[in-house]
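Peer 1: Starting off with a structure, shown below.
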């Protein structure tokens, strides 16, 4: 049976073999729902997991897209955000202020990308891996905007949970402002907004100066 | 200050006023993470919530898109799936086999859509509401494919958790096959696959005939 892949290329692999791999991948990524992040939900009730976090970032791209540089492909940003944390199924969540864990993070995550994207049919492995690499390399407007949302999200959560991870891990405003710089790289407006939030957080006493 | 919205129209609302509404919406939808569905994660460890479910459906659209009818706009499908359950923040999750709850579901969900999408700037309220209405009406290939994934997902979860909600709520194969019909409406291949799964589930004794 002749089938066509998403971009219309004819592929000789039978549909059921492709589908089998795709379903296997679909079941495997369910594990992302069990990878916990450091921050909590906005109501503080429990820690957030990577899957719901990825959904939230996709929604942020949908409603904050106008603050990306003109011409940014927002559909690509959304796809990037949906897949960006899949590697944490194997590599775990790395707390951005944990210097030791950050050191070998890239290596652990590359091995995870090989295994997880490798579950898919070859053409899809290549396509999703390229998207994840693009996100990691942060050279395109899409990758920079996706990263900006990924950094803005916990800042919002911390601001609205009386300091959240900042308070629990003794993070100060200088450390947070290094992340805000990444937000500004992806979106001038959101960078300015994040800077304002940090100033307000310091003024409110929920973030050390 | 003159700004442009996502589709490039000039809007006279100042950026900061739009941004304020968008951030308020972003914080409000965090509540979707606390809306629990009937089914569990694939490992059976706990019930799934709407936010992580929506992420999973977005991922399914990304990897199963080739099984949609040719010409289906998959980016639109993904956006639809990200927002499709937001109304449950107010209306709650309605179990598809709960006839009483299904009766006034549409009304409860419309009121929720008014409030939740209404938090956004007007042009975005209209855009997301139209997308949600399209999903609900199931008249376009995008809406039908999105619905097919929304129905396939719990079927997969139940199959891989020894019957899951089927077993707990005494659901039989005739009831499940009515949902499979919705899958086939959105994707011939996925409909055939789902039918096979139901047959296998009955043969394995994890679904009543």
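Residue numbers (our numbering), protein chains in the order written: chain V, 1193 to 1401; chain P, 1193 to 1401. Every residue, glycine too, gets a C-beta built ideally from N, C-alpha and C. Keep in mind it's a predicted model, so treat the numbers as computed, not measured.
#1: Between residue 1393 of chain P and residue 1272 of chain P, what straight-line distance do the alpha-carbon atoms span, to the nearest angstrom?
#2: Hey, is residue 1215 of chain P's beta-carbon within less than 8 Å of any beta-carbon in chain V?
#3: If you follow the alpha helix (DSSP H) that residue 1371 of chain V is part of, which residue opens it and which one closes it?
#4: Against chain V, with Cβ distances strictly below 8 Å, would residue 1228 of chain P count as a contact?
#5: For chain P, check one thing: does any of its Cβ atoms lie closer than 8 Å to the Cβ of residue 1207 of chain V?
#6: When burial is assigned at 16 or more other CB atoms within 10 Å of the CB, is residue 1294 of chain V buried or exposed?
#7: Tell me the DSSP secondary structure of residue 1391 of chain V in three-state form.
#8: In its own chain, which residues sit with a C-beta less than 8 Å from the C-beta of residue 1377 of chain V, not counting the 5 before and 5 after it?
#9: Would a check of beta-carbon distances place residue 1204 of chain V closer than 8 Å to chain P?
#10: Considering only DSSP beta bridges, list what residue 1266 of chain V is partnered with.
#11: Pull out every residue of the stretch 1305-1325 of chain P whose Cβ sits closer than 8 Å to any Cβ of chain V, in chain order.
#12: Check distances from the C-beta atoms of the stretch 1353-1387 of chain V to those of chain P and list, in chain order, the residues that come in under 7 Å.
#13: Looking at the unbroken alpha helix (DSSP H) that takes in residue 1212 of chain V, where does it start and where does it end?
#14: If we cut at 8 Å on Cβ distances, does residue 1176 of chain V have a partner in chain P?
#15: Residues in the stretch 1250-1261 of chain P with C-beta within 8 Å of chain V's C-beta atoms, listed in sequence order?
#16: At 4 residues or longer, and completely inside the stretch 1237-1299 of chain P: list those alpha helix (DSSP H) runs for me, N to C.
#17: Going by beta-carbon coordinates alone, are residue 1283 of chain V and residue 1301 of chain V separated by less than 8 Å?
#18: Tell me which residues of the stretch 1268-1291 of chain P have at least one Cβ-Cβ distance to chain V shorter than 7 Å, keeping chain order.
#19: Going by Cα to Cα distance, which pick from P:1216, P:1233, P:1366 is closest to residue 1345 of chain V?
#20: Residue 1357 of chain P: buried (16+ other C-beta within 10 angstroms of its C-beta) or exposed?
#21: Among V:1354, V:1229, V:1210, which residue has its Cα nearest to the Cα of residue 1290 of chain V?
#22: Do residue 1231 of chain V and residue 1364 of chain V come within 8 Å of each other at the CB atom, strictly closer than that value?
#23: Answer yes or no: does any C-beta atom of chain P fall closer than 8 Å to that of residue 1194 of chain V?
#24: Is residue 1253 of chain P near residue 1275 of chain P, with beta carbons less than 8 Å apart?
#25: Whole angstroms is fine: what's the gap from residue 1343 of chain V's alpha carbon to residue 1297 of chain P's?
#26: Comparing alpha-carbon positions, which option in P:1352, P:1314, P:1309 lies nearest residue 1397 of chain P?
#27: Consider the Cβ of residue 1222 of chain V: report whether some Cβ of chain P lies at a distance smaller than 8 Å.
#28: Output, in chain order, the set of chain V residues within a Cβ distance shorter than 7 Å of residue 1244 of chain P.
#29: How is residue 1353 of chain V classed by DSSP in three states: helix, strand or coil?
Peer 2: Result, derived from the coordinates:
#1: For this step, residue 1393 of chain P is matched to residue 201 along the second chain. For this step, residue 1272 of chain P is matched to residue 80 along the second chain. Distance from the CA atom of residue 1393 of chain P to the CA atom of residue 1272 of chain P, rounded to whole angstroms, is 30 Å.
#2: Counting from 1 along the second chain, the entry for residue 1215 of chain P is found at position 23. Yes, its Cβ sits closer than 8 Å to a Cβ of chain V.
#3: Start at 1 with the first residue of the first chain, and residue 1371 of chain V comes out as number 179. From DSSP, the alpha helix (DSSP H) with residue 1371 of chain V extends over 1365-1378.
#4: Position 36 of the second chain, counted from the first residue, corresponds to residue 1228 of chain P. Chain V contact via Cβ: absent.
#5: Here the question's residue 1207 of chain V lines up with position 15 in the first chain. For residue 1207 of chain V, the answer is yes, since a Cβ of chain P falls inside 8 Å of its Cβ.
#6: Taking the first chain and counting its residues from 1, the one referred to as residue 1294 of chain V is at position 102. Exposed, since its Cβ has fewer than 16 Cβ neighbours within 10 Å.
#7: For this step, residue 1391 of chain V is matched to residue 199 along the first chain. In the three-state DSSP reduction, residue 1391 of chain V falls in the helix class (H, G or I).
#8: Taking the first residue of the first chain as position 1, residue 1377 of chain V is located at position 185. If we look at residue 1377 of chain V and ignore the five residues flanking it on each side, its Cβ neighbours are 1330, 1336, 1339, 1340, 1383.
#9: Looking up residue 1204 of chain V in the first chain gives position 12. Note that residue 1204 of chain V scores a pLDDT of 45, beneath 50, so its modelled location is shaky; the value from the coordinates is reported in the next line. Interface criterion not met: the Cβ of residue 1204 of chain V is under 8 Å from no Cβ in chain P.
#10: As a first step, residue 1266 of chain V must be located in the first chain, where it is residue number 74. Bridge partners of residue 1266 of chain V: none, in fact.
#11: Under the 8 Å Cβ criterion, the stretch 1305-1325 of chain P contributes 1312, 1316, 1320.
#12: Against chain P - using a Cβ distance shorter than 7 Å - the residues of the stretch 1353-1387 of chain V are 1381, 1385.
#13: Here residue 1212 of chain V is taken as the residue at index 20 of the first chain, counted from 1. Segment 1207-1220, the alpha helix (DSSP H) holding residue 1212 of chain V.
#14: Any question about residue 1176 of chain V goes unanswered here, given that chain V covers just 1193 to 1401.
#15: Sequence-ordered contacts of the stretch 1250-1261 of chain P with chain V read 1250, 1251, 1252, 1254, 1255, 1256, 1257, 1258, 1259 [C-beta pairs closer than 8 Å].
#16: Here the runs fully enclosed are 1242-1256, 1266-1275, 1280-1283, 1291-1295.
#17: For the purposes of this step, residue 1283 of chain V is taken as the residue at position 91 of the first chain. For the purposes of this step, residue 1301 of chain V is taken as the residue at position 109 of the first chain. Taking 8 Å as the cut-off, the beta carbon of residue 1283 of chain V is found closer than this to the beta carbon of residue 1301 of chain V.
#18: Listed by position along the chain: 1270, 1271, 1274.
#19: Within the first chain, the letter at position 153 stands for residue 1345 of chain V. Closest option to residue 1345 of chain V, Cα to Cα, is P:1216.
#20: Working through the second chain from its first residue, we reach residue 1357 of chain P at position 165. Buried is the call here.
#21: Taking the first chain and counting its residues from 1, one reaches residue 1290 of chain V at position 98. Cα-wise, what sits closest to residue 1290 of chain V is V:1229.
#22: For the purposes of this step, residue 1364 of chain V is taken as residue 172 along the first chain, with counting starting at 1. For the purposes of this step, residue 1231 of chain V is taken as residue 39 along the first chain, with counting starting at 1. A distance of 8 Å or more separates the beta carbons of residue 1364 of chain V and residue 1231 of chain V.
#23: Here residue 1194 of chain V refers to the residue found at position 2 of the first chain. With a pLDDT of only 46 at residue 1194 of chain V, under 50, the local geometry of the prediction cannot be trusted, and the value read off the model is given with reservation. Look at residue 1194 of chain V: its C-beta is not under 8 Å from any C-beta on chain P.
#24: For the purposes of this step, residue 1253 of chain P is identified with residue 61 of the second chain, where counting begins at 1. For the purposes of this step, residue 1275 of chain P is identified with residue 83 of the second chain, where counting begins at 1. Not closer than 8 Å, so no.
#25: For this step, residue 1343 of chain V is matched to residue 151 along the first chain. For this step, residue 1297 of chain P is matched to residue 105 along the second chain. A direct Cα-to-Cα measurement between residue 1343 of chain V and residue 1297 of chain P gives close to 37 Å.
#26: The residue given as residue 1397 of chain P occupies position 205 in the second chain. The alpha carbon of residue 1397 of chain P has as its nearest neighbour, out of P:1352, P:1314, P:1309, the alpha carbon of P:1352.
#27: Position 30 of the first chain, counting from 1, holds the residue named residue 1222 of chain V. Answer yes: the Cβ-Cβ gap between residue 1222 of chain V and chain P drops below 8 Å somewhere.
#28: Taking the second chain and counting its residues from 1, the one referred to as residue 1244 of chain P is at position 52. Simply 1225, 1241, 1243, 1244, 1247.
#29: Indexing the first chain from 1 puts residue 1353 of chain V at position 161. For residue 1353 of chain V, the secondary structure class from DSSP, reduced to helix, strand or coil, is coil.
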